[in-house]
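Trainee:
Numbering (the numbering used here), first residue to last: -8 to 62.
1) Measure the C-alpha to C-alpha separation of residue 46 and residue 31 and round it to an integer number of angstroms.
2) Using 7 angstroms as the threshold, is the C-beta distance between residue 19 and residue 28 below it?
3) Output the boundary residues of the beta strand (DSSP E) element that contains residue 9.
4) Taking the alpha helix (DSSP H) that residue 37 belongs to, which residues open and close that run?
5) Looking at residue 0 and residue 25, is the spacing between their C-beta atoms short of 7 angstroms?
As structure tokens, this is what we get:
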């Protein structure tokens, strides 16, 4: 689950098993009607977070993420 913080998009890191890890250079894609933010953590591990349309558009408007494919 993605949560909002002042620094941008956060997600759960499966590799390190930690919650609310800040995502670096996130890109939000639309796949099968779902908004998926993909990026990396500070150690370079890949991360993904699924979010709603309103949340995705808010992150893009605020400059926290870039638009990817599927828009």
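Even glycine gets a Cβ: it sits at the ideal position worked out from N, Cα and C. From a predicted model like this one, the values you see are computed outputs, not experimental measurements.
Mentor: Taking the structure as given:
1) 19 angstroms
2) yes
3) 9 to 13
4) Residue 37 -> not in any alpha helix (DSSP H); beta strand (DSSP E) instead, spanning 37 to 42.
5) no
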